[in-house]
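A quick write-up on the structure given underneath.
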Amino acid sequence: MNPNLSRRSALGLALSSLVTLTACAAIPTDGEVNHYADPQATGSTSASGNSPEGPTPGARPTEIIEGFLHAGVGVKDDYSVARLYLTEDLAQSWKPDGRTLVYNSSFTTASVSDSSYLVTVPTSTLVDDKGLATSYTTVADTEVEFTLRQVDGEWRISSAPDGTVLSRNEFADVFNPFTLYFYDPTYTYAVPDVRWFAERTTVATSLVRVLLEGPAPYLTGAVVTAVPADTSLTRNSVPIENGAADIQLSGGTSLTAASALETERLRTQLTQTLTNLASVTTVQLTINDQIVAAPTLENYREPAVNPEAASNIVGIEDNRLIARAALDDTASQQTIVETSAQALITLPAMNYTRNYYAYTNTGQNEIWLANSNGARSVYRGTHVLAPCFDHQNWLWVGEQDGSVRVIAAGQEDSAAREVTSWIEGELLQSISIARDGSRAVLVTSAADGSNYGAWVSAIRRSADGTPTQLLDPVRLGAEINPRGAEWVSDVEVFLWNTDTTQTELVSLTGENTQYDSLQGITRIVTGNGIDQAVAMTRDGGLYIVAGLSWTRIESSLSEINYAG
1 MNPNLSRRSA
11 LGLALSSLVT
21 LTACAAIPTD
31 GEVNHYADPQ
41 ATGSTSASGN
51 SPEGPTPGAR
61 PTEIIEGFLH
71 AGVGVKDDYS
81 VARLYLTEDL
91 AQSWKPDGRT
101 LVYNSSFTTA
111 SVSDSSYLVT
121 VPTSTLVDDK
131 GLATSYTTVA
141 DTEVEFTLRQ
151 VDGEWRISSA
161 PDGTVLSRNE
171 FADVFNPFTL
181 YFYDPTYTYA
191 VPDVRWFAER
201 TTVATSLVRV
211 LLEGPAPYLT
221 GAVVTAVPAD
231 TSLTRNSVPI
241 ENGAADIQLS
251 GGTSLTAASA
261 LETERLRTQL
271 TQTLTNLASV
281 TTVQLTINDQ
291 IVAAPTLENY
301 REPAVNPEAA
311 SNIVGIEDNR
321 LIARAALDDT
331 ASQQTIVETS
341 AQALITLPAM
351 NYTRNYYAYT
361 NTGQNEIWLA
371 NSNGARSVYR
381 GTHVLAPCFD
391 HQNWLWVGEQ
401 DGSVRVIAAG
411 QEDSAAREVT
421 SWIEGELLQS
431 ISIARDGSRA
441 VLVTSAADGS
451 NYGAWVSAIR
461 RSADGTPTQL
471 LDPVRLGAEI
481 NPRGAEWVSD
491 VEVFLWNTDT
501 TQTELVSLTG
511 ENTQYDSLQG
521 ITRIVTGNGI
531 DQAVAMTRDG
541 GLYIVAGLSW
551 TRIESSLSEI
561 NYAG
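Following this line, the structure appears as structure tokens:
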């Protein structure tokens with residue numbers, strides 16, 4: 001086993017400090033093992049403008065090898081320049097998308113014999129043939145063997161592994177992240193799964209191919225696919241003409257006997273994935289040589305991509321739990337719970353249908369669940385964290401000892417049920433559930449208060465929707481050491497550090513944005529995107545985003561939260 005790999009994968013997102021987001025690819029620079037993701041606006045099929053040079057007459061074997069590797073940036077015409085460095089047979093069989101090794105420094109070439117050479121690549125990132133990228137804390141030397149022979153007096157490569165070897169800058173210029181979509185088990189919400197591919201005209205084919213193969217390992221067991229088992233592309237291409245992607249599929253009875261609803265879900269999954277590309281506006285689907293007619297299902301609802309929630313808030317005013325239609329809509333304010341001065345409340349939460357609320361006490365050893373009929377204690381612990389709800393009305397309660405439990409909000413006297421997880425021997429600092437209900441973002445630390453990290457962990461549920469397990473996570477690489485994390489969108493997370501007062505927006509694309517520090521920060525909550533991000537401070541202040549800064553707003557509320 002590679003000593004650089006841990007049992008947890010790390011979702012690498014770290015860049016040097018940026019003040020604006022960019023659309024270029026980004027490679028993580030920290031974290032144990034890093035995987036990538038991306039919002040839909042990044043996808044593109046424009047070919048790279050790189051024009052590498054072909055082999056020069058009389059070039060030595062080492063020059064041929066180095067020229068071939070650097071020609072990996074030339075994606076035009078199916079890497080036609082890179083193939084010039086190969087013998088005719090190898091030029092026809094070499095597959096450039098087999099894998100990509102990315103290095104920060106430089107590779108070395110050593111002679112093994114007169115015609116064999118060994119290239120040692122100090123690999124910082126590996127992208128496999130499924131577009132999954134893994135980055136290592138310390139470089140892992142990868143040996144790549146080449147054999148050459150002379151063709152008409154010129155050295156050419158006769159044996160080489162599939163794939164390319166790129167520098168960090170070359171990778172950033174050639175590769176881009178693209179989003180696949182899978183679904184929560186109820187087919188209500190789309191769950192993003194981002195892969196990395198070279199920007200070339202065949203990227204649509206690559207996206208469909210990996211979509212048919214299923215979700216990334218860290219999502220497996222938490223999401224579902226509309227693709228029936230044993231489904232494949234009839235031909236190894238997805239041509240695009242006038243914005244229409246022509247997808248021809250073949251499969252067994254599970255595909256041919258699919259119901260109208262199952263077929264429409266399949267079309268939706270393909271469409272939501274491919275219309276991220278600027279060149280695709282619609283999908284033409286063919287199954288076993290039969291064109292699938294346009295949808296005619298009544299009342300069909302596509303799984304929602306990054307759905308919006310209402311702007312309603314729950315808050316605390318003079319130790320009363322209140323609700324408003326919007327943060328600044330004081331006229332709509334209603335009191336949910338009156339509490340005594342001896343029972344100070346904090347960390348309010350509200351479900352998506354806005355008929356259940358939760359909060360804890362300032363001692364953080366008890367959770368209350370409230371509705372229009374009053375409040376009741378539903379859990380007692382030692383150090384409970386901020387509670388939150390998912391879209392199936394489960395109230396999530398985490399404790400600093402790493403335990404996680406759920407309580408059915410709509411069931412009277414519902415007992416807390418334990419959710420098994422990977423957290424062992426560590427402290428849990430925060431937990432937040434994505435709006436798709438299939439992923440949690442958590443912040444953990446070592447027992448001694450060191451080694452803080454933010455993690456995205458998929459949620460396994462039983463057949464009735466009960467959360468049962470937090471699956472092995474991927475890590476969010478960040479410039480700061482987070483003390484808390486909150487979802488901003490389906491691909492963005494706000495991180496904050498209560499000690500250093502730093503704040504950072506982390507995107508699953510690998511693009512991080514540093515926001516100004518906020519003295520006394522305790523927490524950030526979000527509604528629909530960055531425009532509804534609100535930071536809270538120890539003195540009861542509320543702050544909203546203004547550019548990359550935080551601006552205090554006048555409010556009678558000392559704490560607030562949006563649904564979730």
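Heads up: the sequence shown begins at 1 in UniProt numbering, then just goes up one per residue. Idealized CB from N, CA, C, for every residue including glycine.
For residue i, report the span of its beta strand (DSSP E) as first-last.
{"i": "L495", "result": "492–496"}
{"i": "N169", "result": "Not the beta strand (DSSP E): N169 falls in the alpha helix (DSSP H), residues 168–174."}
{"i": "T526", "result": "521–527"}
{"i": "D193", "result": "190–198"}
{"i": "Q514", "result": "512–515"}
{"i": "V474", "result": "474–476"}
{"i": "L132", "result": "L132 -> no beta strand (DSSP E), and no H or E assigned at all."}
{"i": "I480", "result": "Here I480 belongs to no beta strand (DSSP E), and DSSP marks it neither H nor E."}
{"i": "Q469", "result": "467–470"}
{"i": "R376", "result": "374–380"}
{"i": "T100", "result": "100–103"}
{"i": "W422", "result": "Note, W422: premise wrong, no beta strand (DSSP E); not H, not E."}
{"i": "W396", "result": "394–398"}
{"i": "L505", "result": "503–507"}
{"i": "L369", "result": "366–371"}
To which residues of the same chain is residue i closer than 8 Å at the C-beta, ignoring the five residues directly before and after it?
{"i": "P57", "result": "E154"}
{"i": "T87", "result": "R149, V151, R156, I157, S158"}
{"i": "L21", "result": "Caution is warranted here: a pLDDT of 23 is assigned to L21, below 50, making its placement in the model unreliable, and the coordinate value is therefore given only provisionally. Excluding residues within five positions, the ones whose Cβ falls inside 8 Å are S507, E511, T513."}
{"i": "G520", "result": "T501, T537, R538, D539, G541"}
{"i": "T282", "result": "G243, A244, A245, T271, T275"}
{"i": "Q411", "result": "none"}
Return the bridge partner residues of residue i from the DSSP annotation.
{"i": "R552", "result": "Y543"}
{"i": "V119", "result": "T109, V144"}
{"i": "I433", "result": "A440"}
{"i": "I157", "result": "L86, L148"}
{"i": "P177", "result": "W196"}
{"i": "G484", "result": "W496"}
{"i": "G453", "result": "T444"}
{"i": "A559", "result": "According to the sequence as given, residue 559 is Glu; it is not Ala. Answer is I316."}
Can you name, in chain order, every residue of its own chain whose Cβ lies under 7 Å from the Cβ of residue i, other than the five neighbours on each side?
{"i": "Q392", "result": "G437, G465"}
{"i": "V224", "result": "F182, Y183, P185"}
{"i": "T444", "result": "I423, E426, L427, L428, Q429, G453, W455"}
{"i": "residue 566", "result": "The structure shown does not extend to residue 566, since the chain is modelled only from 1 through 564, so no value can be given for it."}
{"i": "T335", "result": "R320, I322"}
{"i": "T551", "result": "Y543, I544"}
{"i": "V525", "result": "E486, V534, I560, N561, Y562"}
{"i": "G527", "result": "A309, S311, Y562"}
Provide the residue span of the alpha helix (DSSP H) that contains residue i, from first to last.
{"i": "A82", "result": "76–83"}
{"i": "I64", "result": "61–70"}
Quick check on the burial criterion: 16 or more other C-beta atoms within 10 angstroms. Buried or exposed for residue i?
{"i": "S135", "result": "buried"}
{"i": "N561", "result": "buried"}
{"i": "A258", "result": "buried"}
{"i": "Y300", "result": "exposed"}
{"i": "M1", "result": "Low per-residue confidence applies at M1: pLDDT is 36, beneath 50, and the placement is therefore not dependable enough to give any value."}
{"i": "V112", "result": "exposed"}
{"i": "T296", "result": "exposed"}
{"i": "D490", "result": "buried"}
{"i": "L546", "result": "The sequence given here has Ala at residue 546, not Leu. It counts as exposed."}
{"i": "A440", "result": "buried"}
{"i": "I553", "result": "exposed"}
{"i": "A458", "result": "buried"}
{"i": "S279", "result": "buried"}
{"i": "H35", "result": "At H35 the pLDDT is 43, less than 50, meaning the model places this residue with poor confidence and gives no usable figure here."}
{"i": "Q342", "result": "exposed"}
{"i": "G449", "result": "exposed"}
{"i": "T179", "result": "buried"}
{"i": "H383", "result": "exposed"}
{"i": "G363", "result": "exposed"}
For residue i, I'd like the list of residues in its chain whose CB is within less than 6 Å of its CB, leaving aside the five on either flank, ordered along the chain.
{"i": "R95", "result": "Note that residue 95 is Lys in the sequence shown here, rather than Arg. Excluding positions up to five away in sequence, the list reads D162."}
{"i": "A325", "result": "N312, S332"}
{"i": "V314", "result": "A323, P348, M350, Y357, N561"}
{"i": "L212", "result": "V227, T231"}
{"i": "V337", "result": "L321, A370, A375"}
{"i": "G252", "result": "D230"}
Every unbroken alpha helix (DSSP H) inside the UniProt domain "GerMN" (204–296) [4 residues or more] | Scanning the UniProt domain "GerMN" (204–296) for uninterrupted alpha helix (DSSP H) segments of 4 residues or longer gives 253–256, 260–274, listed from N- to C-terminal end.
Can you list, in chain order, the stretches of the beta strand (DSSP E) that have 3 or more residues and sit fully within the stretch 307–356? Runs of the beta strand (DSSP E) inside the stretch 307–356: 313–317, 320–324, 334–337, 345–350.
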